[in-house]
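Chain order of the listed sequences is A and B.
In terms of the working numbering, the first sequence is residues 2 to 109.
In terms of the working numbering, the second sequence is residues 12 to 126.
Ideal Cβ positions, reconstructed from N, Cα and C, are used throughout, including at glycine.
So the structure is just underneath, and the comments pick up after that.
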Amino acid sequence: LAKTTQPISMDSYEGQEVNITCSHNNIATNDYITWYQQFPSQGPRFIIQGYKTKVTNEVASLFIPADRKSSTLSLPRVSLSDTAVYYCLVSGYSTLTFGKGTMLLVSP
Amino acid sequence: GAGVSQSPSNKVTEKGKDVELRCDPISGHTALYWYRQSLGQGLEFLIYFQGNSAPDKSGLPSDRFSAERTGGSVSTLTIQRTQQEDSAVYLCASSPRDREASPLHFGNGTRLTVT
C-alpha cells in the first residue's frame, strides 16, 4: 500500500496562496492521487483528483511531477473558511488509507 | 441529491453494551466503506464492501467488530461488548466505483462515546 507523508500543520493569512505537499514514494502505476478537506464534526469532502501533471478546478490546483512520488495541493487566495484538515490519499483498487492530514490554519 | 446519511449522529453507551451504527449510502453507489476517526487523528480504515464481492475486513480491529450490507445498500456496523477505546467518530463513505479511484462521498459520522 502506498503510504503518504504530509506536514502536520501549516499557517497562513487570508489572501495568500497555500501549497501543501504530500510524499508518496511507493505509488503504484494504477494509483490516483486525491485530496480531501475536513471541517470539524463533518466527514471529509472531495477537493481534487489527478494522475499526472496538473489538474485545476474551481477551488484548487494539483501539481504532480513526472515521477509521481509527490503531489502538491495549491489553494489560491485562502480565506478564513479554508481552515480545515487536508488529506492526501493515494488510491487504486485496494484499501484506501488516509494519513493524519495537514491542519491548515488561516488567520486574518 | 441526498448524500450519505448516518445514524445516530451521537451515541453514548456503557462499557460492555453492544451498539449498531447505520449508514445509508448514495443510491446507486456500489462501494461502501467504514472508517474510524479518534480525536485528533486521521481516518482508520475498517471495512470495504464492493457490490456482491466478499467484503474486505482487513481493517477491523478485533472480532468484536462486524458489519453487514444488506441488498447492496444500507450497511450496519456492530460493535459488541464496547470498550472505552472504541470511543471515536465512525464515518461511512460510498462511491460509484464506476471508474478506478472514484472519489468517496462521506457522511458526517456517528460520534460514539463509551462510558
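Discussion item. Per the DSSP calculation, E55 (chain B) is bridged to which residue(s)?
Written reply: Looking at the DSSP output, E55 (chain B) sits in a beta bridge with B:R47.
Item to complete: Would you please verify whether the beta carbon of E32 (chain B) is less than 8 angstroms from any beta carbon of chain A?
Response: Before going further, note that residue 32 (chain B) is Leu rather than Glu in the sequence given. Between L32 (chain B) and chain A, the shortest Cβ-Cβ separation is not below 8 angstroms.
Worksheet item: Does the Cβ-Cβ distance between S35 (chain A) and A112 (chain B) come in under 8 angstroms?
Response: Strictly speaking, residue 35 (chain A) in this sequence is Thr, with Ser absent from that position. Their beta carbons are under 8 angstroms apart, which means T35 (chain A) touches A112 (chain B) by this criterion.
Worksheet item: Between which two residues does the beta strand (DSSP E) harbouring Y101 (chain B) extend?
Response: First-last of the beta strand (DSSP E) with Y101 (chain B): 99-106.
Practice prompt. Anything in the segment 47-74 of chain A with a Cβ closer than 7 angstroms to a Cβ of chain B? List those residues in chain order, please.
Written response: Within the segment 47-74 of chain A, the qualifying residues are F47, Q50.
Worksheet item: When the Cα atoms are used, what is the spatial distance from L90 (chain A) to L63 (chain A)?
Response: Rounded to the nearest whole angstrom, the C-alpha separation of L90 (chain A) and L63 (chain A) is 13 angstroms.
Discussion item. Please confirm whether G39 (chain B) has its beta-carbon closer than 8 angstroms to some beta-carbon of chain A.
Written reply: Output row for G39 (chain B): interface = no.
Worksheet entry | Interface partners of K101 (chain A) on chain B, CB under 8 angstroms | Listed by position along chain B, the residues whose Cβ is nearer than 8 angstroms to that of K101 (chain A) are Q52, G53.
Worksheet item: In whole angstroms, what separates the C-alpha of D97 (chain B) from that of M104 (chain A)?
Response: Between D97 (chain B) and M104 (chain A), the alpha-carbon positions lie close to 24 angstroms from each other.
Fill in: For Q7 (chain A): DSSP bridge partner residues
Looking at the DSSP output, Q7 (chain A) shares a beta bridge with no other residue.
Worksheet item: In three-state DSSP terms, what is D83 (chain A)?
Response: When secondary structure is reduced to three states using DSSP, D83 (chain A) falls in the helix class.
Worksheet item: According to DSSP, what are the bridge partners of F64 (chain A)?
Response: Beta-bridge pairing links F64 (chain A) to A:K55, A:T73.
Worksheet item: With a cut-off of 8 angstroms, does the C-beta of S92 (chain A) fall near any C-beta of chain B?
Response: Yes, contact with chain B.
Worksheet item: Within 8 angstroms (strictly less), CB to CB, does L97 (chain A) reach chain B?
Response: Yes, because at least one Cβ of chain B sits closer than 8 angstroms to the Cβ of L97 (chain A).
Worksheet item: What residues from chain A crowd round G118 (chain B), counting only those whose CB sits closer than 8 angstroms?
Response: Going along chain A in sequence order, the residues near G118 (chain B) (Cβ under 8 angstroms) are G44.
Discussion item. Suppose the cutoff is 7 angstroms on Cβ atoms and the five residues either side in sequence are ignored; what does the same chain contact list for Q95 (chain B) look like?
Written reply: Once the five neighbours on either side are set aside, the close Cβ partners of Q95 (chain B) are K26, V125.
Worksheet item: Rounded to whole angstroms, how far is the Cβ of S77 (chain B) from the Cβ of T89 (chain B), which I believe are closer than 8 angstroms?
Response: About 5 angstroms; that satisfies the 8 angstroms criterion.
Fill in: CA nearest to the CA of I9 (chain A), picked from A:E15, A:P109, A:S108, A:K101
From the listed residues A:E15, A:P109, A:S108, A:K101, the smallest Cα separation to I9 (chain A) is found for A:K101.
Worksheet entry | Residues near D29 (chain B) by beta carbon distance below 8 angstroms, same chain, minus five either side | So the qualifying residues of the chain are T89, I90, Q91, R92, T93.
Worksheet item: Run through DSSP, which three-state label would Q94 (chain B) get?
Response: In the three-state reduction of the DSSP assignment, Q94 (chain B) falls in the coil class.
Worksheet item: Under 8 angstroms between C-beta atoms, does F60 (chain B) make it to chain A?
Response: Any Cβ of chain A closer than 8 angstroms to the Cβ of F60 (chain B) would place that residue at the interface, and such an atom is absent.
Worksheet item: Which of helix, strand or coil does DSSP assign to T81 (chain B)?
Response: Residue state, collapsed to three classes: helix.
Practice prompt. Give, in chain order, every residue of the segment 7-39 of chain A whose Cβ lies closer than 8 angstroms to some Cβ of chain B.
Written response: Contacts with chain B (Cβ-Cβ distance below 8 angstroms) from the segment 7-39 of chain A involve N31, D32, Y33, T35, Y37, listed in chain order.
Practice prompt. Would you grab the beta carbon distance between Q48 (chain B) and A99 (chain B) for me? Rounded to a whole angstrom, and I think it's under 8 angstroms.
Written response: The pair is a contact, with the Cβ atoms about 6 angstroms apart (cut-off 8 angstroms).
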